[in-house]
């Protein structure tokens with residue numbers, strides 16, 4: 004039996020091969036990929052909502068932590084990464 | 591930009607409807623998760639297709655763009671890991687799952703569902719946090735570009751190959767747009783590999 008990770012890697016690799024094949028064609032399959040992608044994202048997010056909803060009572064006590072953590076995850080990683088990237092770019096171009 | 595907004599609203603609506611139905615019907619997570627796994631594989635497979643479709647454009651991008659795109663990718667991962675550790679400790683959250691939430695780099699449709707397989711609360715944080723990161727990039731990129739510089743492309747993370755590519759190209763120019771695309775493609779390839787590995791640390 005394959006693990007979650009193994010199937011994830013295989014899905015990614017299979018998608019990559021399909022994408023490479025499609026990039027050589029006239030682009031007719033792209034619309035189908037858009038449809039499958041949108042539908043699977045919505046279905047995935049909906050099923051995730053079902054799981055979260057079924058455990059709503061147990062996570063209700065963590066509401067403030069969840070809000071604070073969500074805002075922090077939205078802001079801090081991107082901001083820190085941007086500052087590191089800008090420092091790298093300036094150092095590289097200053098040295099060039 | 592309207593299409594991006596519609597897509598974001600659609601996912602928020604699907605998530606909210608799921609929560610309401612889940613709270614009312616209280617299904618066993620074990621009866622929902624097999625379907626969630628299937629959709630997760632489809633989402634990752636479709637992301638792979640988009641990467642494959644962009645490959646030729648990237649191969650033609652040139653050395654300077656590739657090098658800067660790589661530097662942005664490395665910076666994104668470093669920023670995500672450090673921020674995840676900084677956020678987890680004071681809030682008392684599971685350390686490596688919080689690092690995972692940060693490593694999502696804006697890819698909320700993967701990160702949220704993936705983390706909900708471990709903890710419902712972390713699933714919500716992964717989903718909402720990364721959705722907000724994408725929204726903030728769309729809204730604030732012009733300002734960030736002025737204050738920080740071109741490195742602010744990292745704010746877009748994995749979304750810089752699709753959703754936020756338009757705003758990056760519009761305000762930082764086509765060359766930086768391509769660098770963002772390199773970053774987005776590499777992060778889209780790395781996130782499905784990194785998140786499971788970090789979650790099991």
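Protein chains in written order, with the numbering used here: chain R, 4 to 99; chain C, 591 to 791.
Glycine included, every Cβ here is placed at the ideal spot set by N, Cα and C.
As the structure is a prediction and not an experimental result, all values here were calculated from the model.
query: Regarding residue 45 (chain R) and the ligand NAD, is the C-beta to nearest heavy atom distance less than 7 Å?
result: This structure simply doesn't include the ligand NAD, nor any ligand for that matter.
message: Please list, in chain order, the chain R residues whose beta carbon lies closer than 7 Å to that of residue 752 (chain C).
response: Start at 1 with the first residue of the second chain, and residue 752 (chain C) comes out as number 162. Chain R residues near residue 752 (chain C): none, gap ~10 Å exceeds 7 Å.
- prompt: Applying a beta-carbon distance threshold of less than 8 Å, which residues of chain R neighbour residue 786 (chain C)?
  reply: Counted from its first residue, the second chain places residue 786 (chain C) at position 196. Result: 7, 8 and 11.
message: Just to confirm my understanding: we take residue 768 (chain C), look at its own chain, exclude 5 residues before and 5 after, and list those with CB closer than 6 Å. What are they?
response: In the second chain, counting from the first residue as 1, residue 768 (chain C) sits at position 178. Closer than 6 Å at the Cβ level, and outside the excluded window around residue 768 (chain C), lie 651 and 655.
message: Taking a contact to mean a Cβ-Cβ separation below 8 Å, would you say residue 750 (chain C) touches residue 773 (chain C) in this structure?
response: Counted from its first residue, the second chain places residue 750 (chain C) at position 160. Counted from its first residue, the second chain places residue 773 (chain C) at position 183. Yes, these two residues count as a Cβ contact at 8 Å.
- prompt: Quick one: any contact between the stretch 668-675 of chain C and the stretch 683-694 of chain C, if contact means 3 or more CB pairs under 8 Å?
  reply: yes
- prompt: In chain C, which residues lie less than 8 Å from residue 51 (chain R) when you measure between Cβ atoms?
  reply: Translated into positions along the first chain, residue 51 (chain R) becomes position 48. Here the neighbours are 605, 608, 626, 702, 703, 706, 713 and 717.
- prompt: Cα separation between residue 703 (chain C) and residue 51 (chain R)?
  reply: Walking along the second chain from the start, residue 703 (chain C) turns up at place 113. Walking along the first chain from the start, residue 51 (chain R) turns up at place 48. Their Cα atoms are separated by approximately 5 Å.
- prompt: In chain order, which alpha helix (DSSP H) runs of at least 4 residues are fully inside the stretch 735-765 of chain C?
  reply: 755-762
task: Give a yes or no on whether 8 Å exceeds the smallest Cβ distance from residue 744 (chain C) to chain R.
output: For the purposes of this step, residue 744 (chain C) is identified with residue 154 of the second chain, where counting begins at 1. So yes, residue 744 (chain C) belongs to the interface.
task: Mind reading off the beta-carbon distance from residue 789 (chain C) to residue 686 (chain C)? Whole number of angstroms is fine, and I expect it under 8 Å.
output: Counting from one through the second chain, the residue named residue 789 (chain C) turns up at place 199. Counting from one through the second chain, the residue named residue 686 (chain C) turns up at place 96. Sure, about 6 Å apart at Cβ, within 8 Å.
field: residue 608 (chain C) versus residue 615 (chain C) - alpha carbon distance
entry: For this step, residue 608 (chain C) is matched to residue 18 along the second chain. For this step, residue 615 (chain C) is matched to residue 25 along the second chain. Whole-angstrom Cα-Cα distance: 10 Å.
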